[in-house]
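Written below as structure tokens is the structure these notes are about.
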Amino acid sequence: MTKVFEKPKALCDVPLHYCPGCTHGIIHRLVAEAIDELDILGKTVGVASVGCSVFSYNYFECDMQQAAHGRAPAVATGIKRVHPGNVVFTYQGDGDLAAIGTAEMVHAAARGEKITVIFVNNAIYGMTGGQMAPTTLLGQVTQTSPYGRNAENQGYPIKVCEMLSTLEGSAYIARVSVDSVKNIRNAKKAIKKAFETQIEGKGFSLVEVLSTCPTNWGLSPVESLDWLRANMMPFYPLGIYKEK
Amino acid sequence: MAKVFFKEDRCKGCELCTTVCPKGIVVMARDRINNKGFQPAQVIEQDKCIGCAFCAMICPDVVIEVEK
Amino acid sequence: MSEKVLMKGNEAVAEAAIQAGCRYFFGYPITPQNEIPEYMAKRMPKVNGVYLQAESEVAAINMVYGAAGAGARVMTSSSSPGISLKQEGISYLVGSDLPCVIVNMVRGGPGLGGIQPAQSDYFQAVKGGAHGDYYLVVLAPSSVQEAVDLTMEAFDIADMYRTPVIILGDGMLGQMMEPVQFHQYKGRNLPAKDWATTGTNNSRKRNIINSLFIDPQELENLNIERFNRYKQIQEKEVKFESVNCEDADVVLVAYGTTARVAKSAMSRARAEGLKVGLIRPITLWPFPVQVFQQVARTAKAFLAVEMSMGQMVEDVRLAVNGLKPVYFYGRTGGMVLTPMAIVEEIKKISGGEKND
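What follows is the structure, encoded as structure tokens:
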């Protein structure tokens, strides 16, 4: 009997602090699997952002840096410019990337910075207890949109992939999801492709991963997957938005 | 014949694995709790397992290893 | 390049950084320091270094964080409003014990302020403009040559104590041209950067650059350890200049370009028979406390002169500790002091009319 499935080497053998059913765990594993399969653990440097996944520096076996909220793409730029031969990735949530870190995100893409951004979109601020995020959907109830997000005074959710795909520097921009085994397989392919895009020096790569937040959505983990499919997927269509 | 191993103490009882098993043999244990206080997932009729690893793929906590 | 060359302050600082081995610079345009990023944009490619203009000073200081964490000698520069934007990044650099050099060519403030020289960022630099317990080594050159020498040494101090170091200049220092020599830089012997994120190369345990410590005891321990390093800096790295203090009644206290105006005032006052001396702090932190305690025994009064509404004067008062009166005279908003005006203030003190 041979092992067909086990913990990837690039993922530390420690319990994850994420809430039960939170799909951050799946995404961490996919990133680690991609690093293992591309055999780049020794030359990878990851940048953790601020949010639930801030502790990702405890979960990846490669060198890690923890960046100020929203600044991971800038920190990653600094690392990549010093070690262009390294593979540099950031792991960011929607608040980090599309709210406070919008400028860093857009300009890293515009520069065609050869880094890979793993962007986890769960339409809410998880770590701080469920506030409205830039990707919170219209009508979605959160701690800071208690009557449901309304465009009139809270504006519209941001479609990051569509936005970044208009930038020349973007070489690979894809949106995936981890709500089903099929989509998990596609997500892994996209993450691996993003890393390959970086390694081949084509430019900026980002994978937006639709993800759940059972605790702050107020749903069970299984219900959360249904909610994601029914509500997030229509507004955030999966697919490849840029591929050089 | 395939085999699945559950690191029970890593399981948080989220039940995602129970929704994807094509053979419907992944269920939550109702007779015990792990050191975190969760009722862990488990495989009942191990002989029916085809080693597809769907359960392992959707598990957020790397609880499941699969051999074939 | 060891012969004398005429150079603008901003460009001399940039060249000094390159000669000290800095190969990474992340900047953003803001008057009156633009020549630093401009010079770097020209020179870095020639020494296969990296110049990158970031989208903001916030992005720039975080690029510095990444590069410093990756083990490189790295610098950024800005002016007052831009330095305010960098404060959070500076606190992260301190919290992760990362070495780097930050240049502030101070301009009149607050707000958008002006573009003339000022010293009104003293508190921000010396007392900590960001969150948490920390100090930064702050070096204040008063000539283009000293700016060169201090910039070179700043990288060594940063690496030795794993801390950001600030070069606190001003618009005048940045814009004026003076002859300058770049001495063959013989640096200190420094510890290896085995903590840097260079990639494990599968041959070592991973390195983590981080300032998040949820366990308060762990965070306290780290603060205490850092403050032990600050004690060493206070013991070993103090720099100052003192002139004519032995027989001085009134001792001027000034740093940076203001100190040159104070020197002129001192010689004018001396010519009029007034016994005037000068203490010029070069390290604003660590502040040269001892020299004040010695001079306070003989001097009658101190007169701090600054291009601000009075900030360093508070540290002078702390150092003098009530032994003698400490007066202040300053211009702000970008106005530059004149020697004659300082002499008038000296006379008021000697004549006894000046009040605190």
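Taken in order, these protein sequences are the chains called A, H and X. Each residue of the first sequence is one higher than the last, beginning at 7 in this note's numbering. Each residue of the second sequence is one higher than the last, beginning at -15 in this note's numbering. Each residue of the third sequence is one higher than the last, beginning at 2 in this note's numbering. Think of the CB as a built atom: it goes at the ideal place given N, C-alpha and C, for glycine as much as any other residue.
query: Going along chain X, which residues have a C-beta under 8 angstroms from A/Arg77?
result: Val59, Ala60, Asn63, Tyr66, Gly90
query: What residues are listed by DSSP as bridge partners for H/Phe(-11)?
result: H/Glu49
query: Is DSSP giving X/Gly278 helix, strand or coil here?
result: strand
task: Output the residue ranges of the beta strand (DSSP E) runs that lie fully inside the stretch 156 to 193 of chain X and measure 3 residues or longer, sorted by chain position.
output: 165 to 171, 178 to 181
- prompt: Counting only runs that start and end within the stretch 32 to 83 of chain X, where is the beta strand (DSSP E) found for 3 or more residues in a row?
  reply: 51 to 54, 75 to 79
- request: Starting from the beta carbon of H/Gly(-3), find every residue of chain A whose beta carbon is closer than 8 angstroms, and list them in chain order.
  value: Pro26
- request: Quick one: grab the DSSP three-state call for A/Lys49.
  value: helix
- request: Could you work out which residues of chain H lie near A/Lys13, taking near to mean beta carbons separated by less than 8 angstroms?
  value: Val46, Glu49
query: With a cut-off of 8 angstroms, do at least 3 Cβ pairs link the stretch 121 to 140 of chain X to the stretch 60 to 72 of chain X?
result: no
message: Using beta carbons (cut-off 9 angstroms, strictly below), is A/Ile32 in contact with chain H?
response: yes
- prompt: Under 9 angstroms between C-beta atoms, does X/Glu219 make it to chain A?
  reply: no
- request: Measure the alpha-carbon distance for X/Arg230 versus X/Ala131 and round it to whole angstroms.
  value: 19 angstroms
- prompt: Which bits of chain H does A/Lys198 rub up against, with CB to CB less than 7 angstroms?
  reply: Result: empty, since nearest Cβ-Cβ is about 15 angstroms, beyond 7 angstroms.
query: Can you tell which of A/Pro227, A/Ala16, A/Leu231 has the C-alpha that lies nearest to the C-alpha of A/Val51?
result: A/Ala16
query: Who are the Cβ neighbours of A/Gly107 in its own chain at under 6 angstroms, not counting the five residues just before and after it?
result: Gly76
- prompt: In the DSSP assignment, what residue or residues form a beta bridge with X/Cys101?
  reply: X/Pro165
message: My assumption, with CB atoms under 8 angstroms, is that A/Ala104 sits in contact with A/Ile164. Please give the rounded CB distance.
response: 5 angstroms
Buried/exposed call for H/Lys(-4), threshold 16 Cβ in 10 Å: buried
message: If I measure Cβ to Cβ from A/Pro26 and keep anything under 8 angstroms in the same chain, skipping five residues before and after, which residues do I get?
response: Pro220, Pro227
field: Neighbour flag for H/Val27 against chain A, beta carbons, 9 angstroms
entry: no
message: Could you check whether X/Ala42 and X/Gln34 sit closer than 9 angstroms to each other, using their CB atoms as the reference points?
response: no
task: With DSSP as the reference, please indicate the residues paired to H/Ala25 in a beta bridge.
output: H/Met12
N- and C-terminal bounds of the beta strand (DSSP E) containing X/Lys9: 6 to 9
message: So within the stretch 193 to 230 of chain A, which uninterrupted alpha helix (DSSP H) runs reach at least 4 residues, ignoring any that extend past its ends?
response: 220 to 223
- request: Please report how far the alpha carbon of X/Ile210 lies from the alpha carbon of X/Ala197, in whole angstroms.
  value: 8 angstroms
- prompt: What does A/Gln98 touch in chain X if you count any residue whose Cβ is under 9 angstroms from its own?
  reply: Those within 9 angstroms of A/Gln98 in chain X number zero; the least Cβ separation is about 13 angstroms.
Buried versus exposed, by CB contacts within 10 Å (16 or more), X/Thr77: buried
message: At 3 residues or longer, what runs of the beta strand (DSSP E) sit wholly inside the stretch 83 to 152 of chain X?
response: 101 to 107, 138 to 140
task: Express the C-alpha separation of H/Lys52 and A/Phe11 in angstroms, rounding to a whole number.
output: 9 angstroms
field: Option nearest A/Pro90 by Cα separation, candidates A/Asn64, A/Lys208, A/Leu244, A/Ser183
entry: A/Lys208
- prompt: Nearest chain X C-beta to A/Met7 closer than 9 angstroms, yes or no?
  reply: no
field: Opening and closing residue of the beta strand (DSSP E) in which H/Phe38 lies
entry: From DSSP, H/Phe38 is part of no beta strand (DSSP E) but of the alpha helix (DSSP H) over 38 to 42.
task: Could you tell me which chain H residues have their CB closer than 7 angstroms to the CB of A/Arg35, listed as they occur along the chain?
output: Val46
task: Pull up the distance between the alpha-carbon of X/Val104 and that of X/Gly175, whole angstroms please.
output: 10 angstroms
- prompt: What residues are listed by DSSP as bridge partners for A/Ser183?
  reply: A/Leu216
task: Tell me A/Lys9's beta-bridge partners as DSSP assigns them.
output: H/Glu51
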